[in-house]
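So the structure is just underneath, and the comments pick up after that.
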Amino acid sequence: MSGRPGTLLDHLRAQDDATLGALLRARPDLALPAPADTGVVATRAGVRTSVGRALEELDALHLAVVDALLVAGADQDPVPPESVLDLLGTAVPRDAARAALDRLRALALAWDVGTGTLDEGQDPGIRAVPALRDAARRHPAGLGRPAPESSVLRTGDPAAVVADLPADQRAVVDALDRDGPVGRSRARDGDDNPVARLLAAGILRRVDDETVELTREAGLALRGDHPLGEITAADPMPAPRRHDPDTVDATAAGEALETIRRAEAVIAAWSAAPPAVLRSGGLGVRDLRRLAKDLEADETAAGLLVETLSAASLVAVSEETEAVWCPTTTADRWLAAPPETQWVALARAWLDMPRQPSAIGSRDAGDKLVGPLSDEVRRPWAPQVRRRVLERLAEFDEGAGPPSLDDLVASLAWRAPRRGGRVRDALVRDVVREATAVGVVALDTLTSAGRELLRVPRRPDDDPDAAAAAALRPALPAPVDHVLLQADLTAVAPGRLEAGLAAAMDRVADVESAGGATVYRISEGSIRRALDLGWTAADVHELFATRSATPVPQGLTYLVDDVARRHGRLRGGSAASFLRSEDEALLAEVVSRPEAEALELRRIAPTVVVSTHPLAEVLEALRAAGLAPVAEDAEGGVLDLRPKGRRTAPRRPDRGGNGSSPRLSDDQVAALVAQLRAGDKAATASRGPAVSGSVPGSTRQTASATVAVLADAARTGRTVWIGYVDAQGTASQRVVRPLRVGGGLLEGTDAAVEDDAGPGPSVSFALHRITSVSVLN
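If you read the sequence shown in the numbering used here, its first letter stands for residue 255, the second for the next number, and so on.
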């Protein structure tokens, strides 16, 4: 009976389809571009870059097993698996250690190698890919290189040697074991100091003239029952803190509504007065501070909001010569959408944007302040970090979350120790803070809508965004159908107003403060604005009478009547523009005012005055002078001449690239495994002399010979080996049973997967892409 595989290639070829498929899912970089055979997969699996990428996904226990493999020297020669597990110490459960070692095998970072044949009864050893030592940390488990052969650690018992060291020498080795195996010392042979004596005994090794290293045997002897140091074998997350899921969703819904309100305020403000784009790109610090003041928020929240609006393509840079930040045409559709749909658009944009809003206000490498919407905020890896944090929260039951942010940070640090240090921990806190502000997280717990956002679609008709909107809808407070009028000419909205009432209040009043309850200020100017839009005094009175839960103050009634009495007595049109009024004395007063000369007003009839200036300009000047004119159309109806606001074309969202390989679907994995099997059979098949195909540089006679070989194989039913280069330039080898050759195509069946049950699946190849062909013996 043959022994176990000796190389990683042998190991991979011996695996079944399910194991190979699991490897490609776990390490998708091995599958892209599509490998021709298992040999390509084995080569890629041993490349330092790919090994390093695989290590980034491992938790602390798996990395401890990696250290054990390297300390045992499994990257150089096979070692007994039990000796590797012994290095983990008694504190690590054996079952957990074996499961971690199995995981490394499944990732093709290690594989079993027979030291003999199975018939000889010898236990197999385990090997690690050589690149593991280069990709892992410089000193695995904080241990140095092995001691020299002449060291007393090799000739005696290392534990006894270390235990018998004098106090001064023991202090040196303890310090090196605690702080790392390498230290600085200029001690020389023959010197009378602890370092020199340790060097002479072989307990320390000389690295260079100024550096010494504690040997591996000494470090292991110091650690006793914990050869690799203290190892945390399980996620350190304590028991979760539980909340009522409805409370979590309701709390997040409040933040979602506040985010929507602020987003609407930004769109309105930048529609009327768009801020300029800096020469270096981005938004100016002064503009950010002004926006934060208007939103009654801090600059951090304002920066997050504008970054999210840009990612959602609700604001963008205009295409004019002097570029400004203004709303896009997409913003109009967003404003008309229900709140749950508005929130999903913002939350999805935040989740997927390759930018780090928390970097706003920090200093870049050139000590310059990082501004919002600038290139310095772009971080391609940001979406991956957000998902990693939120997916950890999604592992808790609904309504449950970590007891504290510190516990979440510690859990994620244990799960991916190689993904940064303090920067990683700060990013975890930033993600939770941003997710809370957006309304994806509340009380450090993922919401029902947030879980839907993270979900991967299972079917073409499965829409996580629609599901997230449906999950948020019940948590939103019911719209309020009334306001509370106050004697000081304010109106309090005790919640989110119905869409119709909100639009009406925006016409007749100005928002004075917003939050859980919105306070509107009613003034002469706001009443005039409603009348300018075509309302009548009766319309305003009816609104207040029917939509106020408190009595209408008498002062408010007088204000409406007084404004209405003066409103519209003066009427304007275009001559460029004209003014008309049945009150001749009023027109006479207008013409006699100082503004008349600047507006070039000219009386053409007792009740009509014309001007060469645009009507909007004339009306604005007269209103500033204390008059209350309105614009009218050809039928005498009231016109709204307010500016409609700036708009620009939407931009394609920047999804960036996070450096990680895409997830492979089940169909893709199955196709790749089938291709690997076909390539393996082609690579190991015994074949006759090859005939070169019609590749560039080939002669017509060679191409004809290729077609002749294929046609003869189709006629005789023989199997052929072909070399093939696809449209992407990827070379592969295939074993094919030709059925028909013609029309520029070779058609046949895949002989690599045929069996007694029948022929393999149908395949076809372009003849001009076949580089060589030979008949299998």
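Beta carbons: idealized from backbone N, C-alpha and C, even for Gly.
All values derive from a computational prediction rather than experimental measurement.
Assuming Val-1007 is part of the beta strand (DSSP E), what are its boundary residues? Segment: none, Val-1007 is in no beta strand (DSSP E) and carries neither H nor E.
Compute the beta-carbon to beta-carbon distance between Arg-857 and Leu-841, rounded to the nearest angstrom, for a pair I have assumed lies under 8 Å. Their Cβ separation, rounded to whole angstroms, is 7 Å, which keeps Arg-857 and Leu-841 in contact under 8 Å.
For Glu-374, which residues of its own chain have a beta-carbon under 6 Å away from its beta-carbon, when the five flanking residues on both sides are left out? Residue placement at Glu-374 is poorly supported in this model, since its pLDDT is 45, which falls under 50; the coordinates still yield a value, given next. For Glu-374, there are no CB contacts under 6 Å within the same chain when 5 residues up- and downstream are skipped.
Taking buried to mean at least 16 other C-beta atoms within 10 Å of its own C-beta, is Gly-1002 buried or exposed? The residue is buried, with at least 16 neighbouring Cβ atoms inside 10 Å.
Beta carbon of Thr-505, beta carbon of Ala-791: below 7 Å? Result no, Cβ atoms of Thr-505 and Ala-791 do not sit closer than 7 Å.
Hey, is the segment 524 to 541 in contact with the segment 578 to 598, meaning 3+ C-beta pairs nearer than 8 Å? Using a Cβ-Cβ distance cut-off of 8 Å, the segment 524 to 541 and the segment 578 to 598 are in contact, since at least three pairs of beta carbons, one from each stretch, lie closer than that value.
The segment 647 to 660 contacting the segment 490 to 502, beta-carbon criterion three pairs below 8 Å: At 8 Å Cβ cutoff, the stretches touch.
Report yes if the C-beta distance between Val-974 and Val-990 is below 7 Å; otherwise report no. Yes; because the gap between Cβ atoms is below 7 Å, this pair is in contact.
Rounded to the nearest angstrom, how far is the Cβ of Ala-830 from that of Pro-868, given a contact under 8 Å? Right, the Cβ-Cβ distance comes to about 6 Å (below 8 Å), so this counts as a contact.
Rounded to whole angstroms, what's the CA-CA distance from Pro-807 to Thr-800? Just pull it up for me. Pro-807 and Thr-800 have their alpha carbons spaced roughly 14 Å apart.
Contained alpha helix (DSSP H) runs [length at least 4] in the segment 653 to 705, N- to C-terminal order: If we require 4 residues or more, the alpha helix (DSSP H) runs fully inside the segment 653 to 705 come out as 659 to 669 and 676 to 692.
Count the other CB atoms, across all protein chains shown, that sit within 10 Å of the CB of Arg-307; report buried if there are 16 or more and exposed otherwise. Counting C-beta atoms within 10 angstroms of its own C-beta, Arg-307 has 16 or more neighbours from the protein chains shown and is therefore classed as buried.
Start and end residues, beta strand (DSSP E) containing Pro-412: Counting along the chain, Pro-412 falls outside any beta strand (DSSP E), though it belongs to the alpha helix (DSSP H) covering 412 to 417.
Sub-7 Å separation of Gly-557 and Ile-521 beta-carbons: Their beta carbons are not under 7 Å apart, which means Gly-557 does not touch Ile-521 by this criterion.
Residues that DSSP places opposite Tyr-774 in a beta bridge: DSSP lists Ala-745 and Val-765 as the bridge partner or partners of Tyr-774.
If you check the beta carbons only, do Thr-469 and Gly-536 fall under 7 Å apart? No, the pair does not count as a contact, with Cβ atoms beyond the cut-off.
Measure the CB-CB distance between Ala-290 and Gly-983 and report whether it falls below 7 Å. Their beta carbons are not under 7 Å apart, which means Ala-290 does not touch Gly-983 by this criterion.
Please state whether the Cβ-Cβ distance between Asp-606 and Pro-634 is less than 7 Å. No, the Cβ-Cβ distance between Asp-606 and Pro-634 is not below 7 Å.
Decide if Tyr-812 is buried, meaning its Cβ has at least 16 other Cβ atoms within 10 Å, or exposed. Looking at its Cβ environment, which holds fewer than 16 other Cβ atoms inside 10 Å, Tyr-812 is exposed.
Would you check if the distance between the CB atom of Val-426 and the CB atom of Pro-400 is smaller than 7 Å? Contact check for Val-426 against Pro-400 fails: the beta carbons are separated by 7 Å or more.
What residues match up with Asp-366 in a beta bridge as DSSP calls it? Its beta-bridge partners are Ile-380.
Any contact between the segment 616 to 633 and the segment 653 to 672? By contact I mean 3 or more CB pairs, one from each, below 8 Å. With a cut-off of 8 Å, the segment 653 to 672 and the segment 616 to 633 do not count as touching, because too few Cβ pairs lie within range.
Mapping the DSSP letters down to three states, classify Arg-906 as helix, strand or coil. Judged by DSSP in its simplified three-state form, Arg-906 adopts coil rather than helix or strand.
Considering only the alpha carbon of each residue, which of Leu-797, Val-864 and Ser-337 lies closest to Ala-757? Minimum Cα distance to Ala-757 is reached at Leu-797.
Using a 10 Å radius around the Cβ and a threshold of 16 neighbouring Cβ atoms, would you call Gln-330 buried or exposed? The residue is exposed, with fewer than 16 neighbouring Cβ atoms inside 10 Å.
When burial is assigned at 16 or more other CB atoms within 10 Å of the CB, is Gly-370 buried or exposed? Interpretation of Gly-370 is limited by its pLDDT of 43, a score under 50 that renders its predicted location unreliable; no figure is taken from the coordinates.
On the CB-based measure, 16 or more other CB atoms within 10 Å of its CB, does Pro-848 come out buried or exposed? By the 10 Å Cβ count, Pro-848 comes out exposed.
Starting from Ile-1024, trace the beta strand (DSSP E) in both directions and tell me its first and last residue. Per DSSP, the continuous beta strand (DSSP E) segment holding Ile-1024 begins and ends at 1024 to 1029.
Going by beta-carbon coordinates alone, are Ile-485 and Ala-318 separated by less than 7 Å? Going by beta carbons, Ile-485 and Ala-318 fall inside the 7 Å limit.
Can you tell me where the alpha helix (DSSP H) holding Asp-1033 begins and where it ends? An answer regarding residue 1033 cannot be provided, because it is not within the stretch 255 to 1031 covered by the chain.
Classification of Pro-711 by the beta-carbon crowding that lies within 10 angstroms, buried from 16 upward: That one is exposed.
Mind checking whether Leu-341 and Ala-322 have CB atoms under 7 Å apart? Yes, the pair counts as a contact, with Cβ atoms nearer than the cut-off.
Is it right to say Pro-950 is buried, meaning 16 or more other beta carbons lie within 10 angstroms of its own, or is it exposed? With a pLDDT of 42 at Pro-950, under the threshold of 50, the predicted position of this residue should be treated as unreliable, and no value is reported.
Using beta-carbon positions only, say whether Leu-262 and Ala-296 come within less than 7 Å of one another. The answer is yes: Cβ separation under 7 Å.
Is the beta carbon of Val-734 closer than 7 Å to that of Gly-749? Their beta carbons are under 7 Å apart, which means Gly-749 touches Val-734 by this criterion.
So what's Gly-375 in DSSP terms, helix, strand or just coil? Note that Gly-375 scores a pLDDT of 45, beneath 50, so its modelled location is shaky and nothing firm can be said.
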